[in-house]
Amino acid sequence: MFNLILFGPPGSGKGTQSDKLVEKYGLLHLSTGNLLRGEIACETTLGNEAKNFMDKGQLVPDSVVIGIIGNCLDQHKEAKGFLFDGFPRTVAQAVALDKLLELRNTSIALVLALEVGEEELVNRLVNRGKTSGRSDDTDEAVIRKRFAVYENETAPVAGHYQKAHKFQSIKGEGTVDGIFELISEAIDKRIEQKV
Ligand code: ADP
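Just remember that the numbering used here sits 96 ahead of the position in the sequence shown, which is counted from 1.
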């Protein structure tokens, strides 16, 4: 199994690059943001609870997202590997993910972090908000709040994987294809090391 984490702040391009990675490497895409929006669309109890946090730019509680990921891993035992997008977002989630994978005799192979400057990120999110219908992308105060949450709660996740020598930064500004090439090179190198 080859399990990859695509890491980076809101608007850094994780979703866009994930679509291309799924196609090239046949990984199973697990985006906690998409999974939570699916729960909201179906008006489940979990979705209604999550919406309150998401609309304010806050994180959904760890126990909720860890539960969702655990269920998905169980539902896709046949997967060649997983692509985690938007997860883990706290150190507690990273520790839980390590345990979930260990129980399944696998682990994270690589964490790729997309680096993009804050002004570019805000522009991208405001533009996305014009067409995506995502309520958390239309209000600049909510966007700023998500960056603050990212700095305080998510950025420390990088240290967790740096310690394990699994962390690598990628320049996330440029063309979509150019960035995808950088990501692919890093993955191919890691796959070569493994075999
Ligand atoms: P973005 O990275 O652009 O903010 P996402 O779709 O990844 O978009 O996440 C949207 C919102 O969903 C987050 O602001 C947060 O409220 C919630 N969310 C997504 N993933 C997680 C997670 N792993 N832990 C807690 N909350 C999450």
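Glycine is no exception: its CB is placed at the ideal position from the N, C-alpha and C atoms.
Residue range of the beta strand (DSSP E) that A146 falls in?
In the DSSP annotation of this structure, A146 is not part of any beta strand (DSSP E); the continuous alpha helix (DSSP H) holding it starts and ends at 141-151.
Per DSSP, which one or two residues make a beta bridge with F103?
Residue pairing by DSSP places F103 opposite A209 in a beta bridge.
According to the neighbour-count rule (16 or more other Cβ atoms, all chains shown, within 10 Å of its Cβ), is T128 buried or exposed?
T128 should be labelled buried.
Alpha carbon to alpha carbon, how far is G163 from T141? Give it in angstroms, no decimals.
In a straight line, the C-alpha of T141 is about 14 angstroms away from that of G163.
Assuming contact is defined by CB atoms lying nearer than 9 angstroms, are L193 and I275 in contact in what I supplied?
Not a contact, by the Cβ cut-off of 9 angstroms.
Please check the pair L84 and L179, which I expect to be a contact at CB under 8 angstroms, by giving their CB distance rounded to whole angstroms.
Look at the range of the chain in this structure, 97 to 291, and you will see that residue 84 is not part of it.
For Q154, three-class secondary structure by DSSP
DSSP places Q154 in coil when its eight states are reduced to three.
Does the distance between the C-beta of R242 and the nearest non-hydrogen atom of the ligand ADP fall short of 8 angstroms?
The answer is yes for R242.
Classify A146: buried if its beta carbon has 16 or more other beta carbons within 10 angstroms, exposed otherwise.
By the neighbour-count rule (16 or more Cβ atoms within 10 Å), A146 is buried.
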